[in-house]
């Protein structure tokens, strides 16, 4: 909420929240690969931006990577199909495994985005699991729950200015994206 208020205030004052200068003073700064290696974002943008480490899609990445590393060594596979829900087997499981609209997480990687890695929910069922039978039913639909997340998108510098940018130069633009963070059950839009 504070971030949205801050962005609104910046827009009202016609300044860029990530540059601190009026928008009318020209294009965003261009960076070379030498200035920001390995897809890093400029420190001044990170210092004034959202606290990404507190957002669920970012916070889950390290635990998902650790879990994938363990599974690789143990040979276990993550479920990718709609499971049969047995309450006695999932009492101590996480919410996404106990849900009647279960989901799993995968890591989405985009080298032109900061943060580059986000945990994204994938629904395991088209329908939902009947709590009595433990099996999938088409009487309800599983749909994604979406969270808006502010990210920085790296883009090539434009040639709009009087001086052409260095080849390979890039800039960052703040943009909101919608990230699936879970699944829930809803009534179907139409009778099938």
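In mature numbering (1 follows the signal peptide of the UniProt record, and there is no 0), the protein residues as written are -17 to -1, 1 to 175. All C-beta atoms in this analysis are idealised placements derived from N, C-alpha and C, irrespective of residue type, glycine included. These numbers come from a predicted model, not from an experiment.
To the nearest angstrom, how far is the alpha carbon of residue i from that of residue j?
| i | j | result |
| --- | --- | --- |
| residue 169 | residue 16 | 47 Å |
| residue 119 | residue 85 | 11 Å |
| residue 65 | residue 158 | 34 Å |
| residue 125 | residue 12 | 43 Å |
| residue 52 | residue 173 | 42 Å |
| residue 72 | residue 34 | 36 Å |
| residue 88 | residue 141 | 36 Å |
| residue 47 | residue 40 | 11 Å |
| residue 106 | residue 20 | 35 Å |
| residue 54 | residue 114 | 29 Å |
| residue 79 | residue 102 | 13 Å |
| residue 90 | residue 44 | 7 Å |
| residue 38 | residue 76 | 22 Å |
By Cβ distance, which residues of its chain are closer than 6 Å to residue i, with the 5 residues on each side in sequence left out?
| i | result |
| --- | --- |
| residue 130 | 162 and 164 |
| residue 150 | none |
| residue 97 | 24 and 135 |
Less than 8 Å between C-beta atoms, sequence neighbours within five positions excluded: which residues of the same chain meet that for residue i?
| i | result |
| --- | --- |
| residue 69 | 117 |
| residue 95 | 22, 136, 137 and 138 |
| residue 128 | 104, 163, 164, 165, 166 and 167 |
| residue 109 | 65, 119, 121, 124 and 125 |
Under three-state DSSP, which class holds residue i?
| i | result |
| --- | --- |
| residue 46 | helix |
| residue 94 | coil |
| residue 36 | helix |
| residue 109 | coil |
| residue 12 | coil |
| residue 161 | strand |
| residue 176 | Only positions -17 to 175 of the chain appear in the structure, and residue 176 is not among them; the question remains open. |
| residue 136 | strand |
| residue 80 | helix |
| residue 17 | coil |
| residue 118 | coil |
For the candidate residues the options, whose alpha-carbon lies nearest to that of residue i?
| i | options | result |
| --- | --- | --- |
| residue 136 | 124, 154, 102 and 90 | 154 |
Can you name, in chain order, every residue of its own chain whose Cβ lies under 7 Å from the Cβ of residue i, other than the five neighbours on each side?
| i | result |
| --- | --- |
| residue 67 | 117 and 118 |
| residue 81 | 73 |
| residue 92 | 99 and 100 |
| residue 160 | 132 and 134 |
| residue 42 | 36 |
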